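Colleague: Would you mind keeping the following structure in view while I ask a few things?
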Amino acid sequence: MANVHRGERWLGLAGLLALLTLLVVGVWRWQRRLGKERRDRGRADAQSAVNPFYAVVRAIARFWIWFFFERVEVRRPERVPRMGPVLLCINHPNNLIDSLLVGSVLSRQVHYLATGLLFRNPLIARLLVALGVIPIYRKADDPDRMDRGVKMFAACDEAFDRGRLIAIYPEGITRAEAHLQPIKTGAARIALGYEAHAPGGLTVVPVGLSFAARRRFRGRVLVSFGEPVDVSSYLASYREEPAKALHALTAAIQGAMEHEVVHVERIDAAAFGHAVEALYRGDLERELWDERWLARRQVDPFQPSGSIAAAVEHFRAHDPERIERLWQRILGYHLGLTAYRLHDEAVWTRLERTAERQRVARSWQTIVGLPFFAYGAAVNFLPYYVPGWLAEQTSRRPTDYATIRLLASIVAFPLFWALETALVGWVTGLRWALAFFLSLPLGGLVAYRYLVGTGRLRHQLRFGALLLTRAQEARRLLAERREIIEELERAKRDCWRGAKGPSA
238 MANVHRGERW LGLAGLLALL TLLVVGVWRW QRRLGKERRD RGRADAQSAV NPFYAVVRAI
298 ARFWIWFFFE RVEVRRPERV PRMGPVLLCI NHPNNLIDSL LVGSVLSRQV HYLATGLLFR
358 NPLIARLLVA LGVIPIYRKA DDPDRMDRGV KMFAACDEAF DRGRLIAIYP EGITRAEAHL
418 QPIKTGAARI ALGYEAHAPG GLTVVPVGLS FAARRRFRGR VLVSFGEPVD VSSYLASYRE
478 EPAKALHALT AAIQGAMEHE VVHVERIDAA AFGHAVEALY RGDLERELWD ERWLARRQVD
538 PFQPSGSIAA AVEHFRAHDP ERIERLWQRI LGYHLGLTAY RLHDEAVWTR LERTAERQRV
598 ARSWQTIVGL PFFAYGAAVN FLPYYVPGWL AEQTSRRPTD YATIRLLASI VAFPLFWALE
658 TALVGWVTGL RWALAFFLSL PLGGLVAYRY LVGTGRLRHQ LRFGALLLTR AQEARRLLAE
718 RREIIEELER AKRDCWRGAK GPSA
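Position one of the sequence shown corresponds to residue 238 (this note's numbering), numbered consecutively onward.
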């Protein structure tokens, strides 16, 4: 009996020791996981850390991007990892603005690759180095510095080893066309070169930038982040046939970038697509409002553009004669508008049932808003006009206009606002000067909105006068627009049936 009790005591003691062991192991594993999480968090914070100068420049850029563009839509930014080495492959439609946009929408610091020509000026070179920019030396730019290309790859590898995010424009040059140009192999060389000594570490993310109106103040822009491109699948081929692997990965990056850009394939097709969008975009947006019960702000501003681009490509492949007929009709309609100095919206509003109410509302808005417009226009005329004039005079390429205008605006608005505020302060005192300064940006935006609205009203009144003086010509424009829209509706239905296939 004593032996039994002794055995039970030993068994109980063994069970207690087992429980204590499990508890100790559990606490140790928990502490280890906590430590790993802290280290990962610390590593993530270190990798996503932004140097103070970059943070200041980004804050300034964010304000001016907000001021310069009516709407910046960002799609799927979560595809950019919060930590670890990342290579962004971005299309390049709008010069410096492209870098400001991407840098503004990401929380991580972006290290851009830029042409070595920008580093010739010592002052600009110091500024770019402070922002983390890495120079690229190409043979076409400076044949004597080609040896520095090796240093560029080494600088990229070093940045990746530190978990940095690098951005490259694989097209090699900024282009005004809406479609993506054939890209160079530079992005693939950087990616595979790093992947060769750190397999599975790099994330390559395609980025598409699409501008709704490149030259327009308060335009719209889309920043779209794509599905990461798998680099590791090309590594084995790269070790055996480097050239073949480079071209294969380049093609994969090109396809991924094209998927994120709203575009049509050729320039002539792009012109037709833009003309169709100008006429038909409003109908597509209203269809989304009515059929899906969406508010105006909920409608994706680039969805109609993408749908129209896809339809243009469909008919280019299957019914090019139809595109030609529509193109000729649209050209004829626009010639009629030009002859009488009209905009399409003036004709469209006459076809809408709510047009009369809109004209009355705009008339009242014009009367009530006139004093606010006069004030906003008076205090903002020079900072608004001078950058546009300067950009018009100095732009060598279409892609230069928006960048020059934005940079000039960054200087002109604060400069003129400071001078005007100083003058008001000198005359009236500090309190009124502060109130005046705060009213300047709001007054500018109100004046701009007023100008857009009165411009529409002016064209509507001009078309009303045409109806009274040349009724036959006015009715011809109305009929022509109605028939073009009906033809576009038929084309949309045919395209939809063609996309579903013969089994639908």
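Where is the CB? At the ideal position from N, CA and C, for every residue including glycine.
Everything numeric in this text was worked out from a predicted model, so none of it was measured.
So what's L459 in DSSP terms, helix, strand or just coil?
Modeller: In the sequence shown, the residue the question calls residue 459 occupies position 222. Residue state, collapsed to three classes: strand.
Colleague: What does a CB cutoff of less than 8 Å around V339 pick up in its chain, not counting 5 residues either side in sequence?
Modeller: Taking the sequence shown and counting its residues from 1, one reaches residue 339 at position 102. Correct list, in chain order: L325, I327, V347, A404, V444, L446 and V460.
Colleague: I want to know whether the segment 607 to 615 touches the segment 627 to 637 - three or more CB-CB distances under 8 Å.
Modeller: Short answer: they don't touch.
Colleague: Label R275 either buried or exposed according to how many other C-beta atoms from any shown protein chain fall within 10 Å of its C-beta, with 16 as the threshold for buried.
Modeller: Stepping through the sequence shown from its first residue, residue 275 is reached at position 38. Per-residue confidence for R275 stands at a pLDDT of 49, beneath the threshold of 50, marking its modelled position as unreliable; the derived number appears in the next sentence. Result: exposed.
Colleague: Quick one: any contact between the segment 361 to 372 and the segment 288 to 306, if contact means 3 or more CB pairs under 8 Å?
Modeller: Yes, the segment 361 to 372 touches the segment 288 to 306.
Colleague: Spatial neighbours of E207 within its chain, please: C-beta separation below 6 Å, excluding the five flanking residues on both sides.
Modeller: Nothing can be reported for residue 207, as the shown portion of the chain is limited to 238 through 741.
Colleague: Quick one, which of Y406, L486 and E307 has its alpha-carbon nearest A428's?
Modeller: The residue you call residue 428 lines up with position 191 of the sequence shown. If we check each option's Cα against that of A428, L486 comes out closest.
Colleague: Roughly how many whole angstroms lie between the Cα atoms of E497 and F462?
Modeller: Working through the sequence shown from its first residue, we reach residue 497 at position 260. Working through the sequence shown from its first residue, we reach residue 462 at position 225. Going from the Cα of E497 to the Cα of F462 covers about 7 Å.
Colleague: Within this structure, are the beta carbons of V623 and A649 separated by less than 7 Å?
Modeller: Mapped onto the sequence shown, residue 623 falls at position 386. Mapped onto the sequence shown, residue 649 falls at position 412. Taking 7 Å as the Cβ cut-off, V623 and A649 qualify as a contacting pair.
Colleague: For chain B, check one thing: does any of its Cβ atoms lie closer than 7 Å to the Cβ of L486?
Modeller: Of the protein chains in the structure, only one exists, and it is not chain B.
Colleague: Excluding five sequence neighbours on each side, which residues of the same chain lie with their C-beta closer than 8 Å to the C-beta of E717?
Modeller: For the purposes of this step, residue 717 is taken as the residue at position 480 of the sequence shown. So the qualifying residues of the chain are R566, G569, Y570 and G573.
Colleague: Among L563, D335, L439 and R363, which has the Cα closest to the Cα of L317?
Modeller: Position 80 of the sequence shown holds residue 317. In the sequence on display, residue 317 carries Val and not Leu. Minimum Cα distance to V317 is reached at L439.
Colleague: Is H348 helix, strand or coil when you go by DSSP?
Modeller: On the sequence shown, position 111 is the one that residue 348 refers to. The answer is strand: DSSP assigns H348 an E or B state.
Colleague: For P289, report the span of its alpha helix (DSSP H) as first-last.
Modeller: Start at 1 with the first residue of the sequence shown, and residue 289 comes out as number 52. P289 to F305 is the extent of the alpha helix (DSSP H) around P289.
Colleague: Would F390 and G430 be called neighbours here (beta carbons separated by less than 7 Å)?
Modeller: Taking the first residue of the sequence shown as position 1, residue 390 is located at position 153. Taking the first residue of the sequence shown as position 1, residue 430 is located at position 193. Cβ distance < 7 Å, so F390 and G430 count as in contact.
Colleague: Using DSSP with H/G/I as helix, E/B as strand and the rest coil, what is P359?
Modeller: What you label residue 359 is simply residue 122 of the sequence shown in a count that begins at 1. Of the three classes helix, strand and coil, the one that applies to P359 here is helix, per DSSP.
Colleague: Out of curiosity, what's the CA-to-CA distance linking N358 and S341?
Modeller: Translated into positions along the sequence shown, residue 358 becomes position 121. Translated into positions along the sequence shown, residue 341 becomes position 104. When rounded, the distance between both Cα atoms is 25 Å.
Colleague: Give the straight-line distance between the Cα atoms of C732 and L563, rounded to the nearest whole angstrom.
Modeller: Taking the sequence shown and counting its residues from 1, one reaches residue 732 at position 495. Taking the sequence shown and counting its residues from 1, one reaches residue 563 at position 326. Cα to Cα, C732 sits roughly 15 Å from L563.
Colleague: Can you round the beta-carbon distance between V442 and I490 to whole angstroms, since I take them to be within the 8 Å contact cut?
Modeller: The count along the sequence shown starts at 1 and reaches residue 442 at position 205. The count along the sequence shown starts at 1 and reaches residue 490 at position 253. With a Cβ gap of about 10 Å, V442 and I490 do not count as contacting.
Colleague: Please name the residue or residues paired with R308 in a DSSP beta bridge.
Modeller: Within the sequence shown, numbered from 1, the residue matching residue 308 stands at position 71. Its beta-bridge partners are R457.
Colleague: Here's the rule I'm using: 16 or more other beta-carbon atoms within 10 Å means buried, otherwise exposed. How should T706 be labelled?
Modeller: Taking the first residue of the sequence shown as position 1, residue 706 is located at position 469. T706 is exposed by the Cβ-count criterion.
Colleague: Assign S470 to one of three DSSP states: helix, strand, or coil.
Modeller: On the sequence shown, residue 470 is found 233 positions in, with the first residue counted as 1. Of the three classes helix, strand and coil, the one that applies to S470 here is helix, per DSSP.
Colleague: Roughly how many angstroms lie between the CA atoms of F306 and A298, to the nearest whole one?
Modeller: Within the sequence shown, numbered from 1, the residue matching residue 306 stands at position 69. Within the sequence shown, numbered from 1, the residue matching residue 298 stands at position 61. Cα to Cα, F306 sits roughly 12 Å from A298.
Colleague: Cα separation between W626 and L675?
Modeller: Within the sequence shown, the letter at position 389 stands for residue 626. Within the sequence shown, the letter at position 438 stands for residue 675. Near 26 Å, if we compare the C-alpha coordinates of L675 and W626.
Colleague: Quick check on DSSP: helix, strand or coil for S740?
Modeller: For the purposes of this step, residue 740 is taken as the residue at position 503 of the sequence shown. For S740, the pLDDT reaches just 45, beneath the cut-off of 50, and the residue's location in the model is therefore unreliable, although a value from the coordinates is still provided. Reduced to three states, the DSSP call for S740 is coil.
Colleague: Could you tell me the alpha carbon to alpha carbon distance between E723 and G680, rounded to whole angstroms?
Modeller: Residue numbering aside, residue 723 sits at position 486 when the sequence shown is read from its first letter. Residue numbering aside, residue 680 sits at position 443 when the sequence shown is read from its first letter. Spanning the two alpha carbons is a distance of roughly 42 Å.
Colleague: Figure out for me which residue from A672, I641, F552 and L714 has the closest Cα to the Cα of R730.
Modeller: Walking along the sequence shown from the start, residue 730 turns up at place 493. Measuring from the Cα of R730, the nearest candidate turns out to be F552.
Colleague: Which residue or residues does DSSP assign as beta-bridge partners of V339?
Modeller: Within the sequence shown, numbered from 1, the residue matching residue 339 stands at position 102. Answer is none; V339 lacks a bridge partner.
Colleague: Do V458 and V309 have their C-beta atoms within less than 7 Å of each other?
Modeller: Reading the sequence shown from its first residue, position 221 is the one you call residue 458. Reading the sequence shown from its first residue, position 72 is the one you call residue 309. Yes, the Cβ-Cβ distance between V458 and V309 is below 7 Å.
Colleague: According to DSSP, is A614 helix, strand or coil?
Modeller: Numbered from 1 along the sequence shown, position 377 holds the residue referred to as residue 614. Three-state result, A614: helix.
Colleague: Between which two residues does the alpha helix (DSSP H) carrying L644 extend?
Modeller: As a first step, residue 644 must be located in the sequence shown, where it is residue number 407. That run of the alpha helix (DSSP H) goes P635 to T665.
Colleague: In angstroms with no decimal places, state the Cα-to-Cα distance between I373 and E315.
Modeller: The count along the sequence shown starts at 1 and reaches residue 373 at position 136. The count along the sequence shown starts at 1 and reaches residue 315 at position 78. Those two C-alpha atoms are separated by around 28 Å.
Colleague: In terms of DSSP beta bridges, what is L446 paired with?
Modeller: Within the sequence shown, residue 446 is the residue found at index 209, counting from 1. V460.
Colleague: In the structure shown, what three-state DSSP assignment does L619 receive?
Modeller: Here residue 619 refers to the residue found at position 382 of the sequence shown. Reduced to three states, the DSSP call for L619 is helix.
Colleague: Roughly how many whole angstroms lie between the Cα atoms of A449 and G456?
Modeller: Locating residue 449 in the sequence shown gives position 212, where the first residue counts as 1. Locating residue 456 in the sequence shown gives position 219, where the first residue counts as 1. Approximately 6 Å, taken between the alpha carbons.
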